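Okay, structure first, notes after.
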Amino acid sequence: MKLVMAIVLALVASPQTKPTGSTKVPAALDFTMNSIDGKPVNLSKYQGDVVLMVNVASQCGYTPQYEGLEQLHRKYAGKGLKILGFPANEFGAQEPGTNSEISEFCKKNYGVEFDMFSKIVVKGPGQAPLYKFLTGQPKFSGDVAWNFEKFLIGRNGEVIARFKSEIEPLSRQMTGAIENALAAK
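Residues in the sequence shown are numbered consecutively from 0, following numbering that gives the first Met the number 0.
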């Protein structure tokens, strides 16, 4: 009896590090990626948020979209939107910089505060598993065509929209989809 009481007391006194229910990480967030400064980030930390994943580049005609993405971040971050930028160099070699150079460029030119990650491959040989998953979704399948394609993940972790490069971050199409996703529980 004393042993049982000791175990019960130990369990009650010790903090739980994981929820006791079954909290399965949605497939879209079941990846670990390196932040722009090289630290591993488990994307499960975004579980329950609306997430916009964007492959970005510093020397592209769409590069000014960083400004719109940052405006989205400032407007909706407090409501649960997380923007994740993934630099990639597959399209016209428009992201030749190092992670440090990319980070400096984004901060200096666009005041980027949303989460940026290390350069990855989003198409072709060496494609990052995250992008293999995103581009393999039946409703949104197909290779990334260019820089600044956007994938919107709902609070439930499902990919709910895909936007081609030419769709501006502040367009009614994107803001409407984001607002609808934020409103969903």
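Heads up, the beta-carbon is just placed ideally off N, CA and C, and yes, glycines get one too.
A quick note: this is a predicted structure, and the numbers were derived from the prediction, not measured.
- Take the alpha-carbon of A56 and the one of K44: they are about 25 angstroms apart.
- In the displayed model, T31 falls within a strand according to three-state DSSP.
- Spanning the alpha carbons of N108 and T134 requires a straight line of approximately 30 angstroms.
- In this structure, R154 sits away from G67, with a CB-CB distance that is not shorter than 7 angstroms.
- Going by beta carbons, P39 and G156 fall outside the 7 angstroms limit.
- Here DSSP, grouped into helix, strand and coil, assigns I119 to coil.
- Contact between the stretch 109–128 and the stretch 82–93 is present: 3 or more CB-CB pairs across the two stretches fall below 8 angstroms.
- Under the 10 Å beta carbon count, N41 is surrounded by fewer than 16 other beta carbons and is classified as exposed.
- Taking the Cα of W145 as reference, the smallest distance to any Cα among C59, V49 and S34 is reached at C59.
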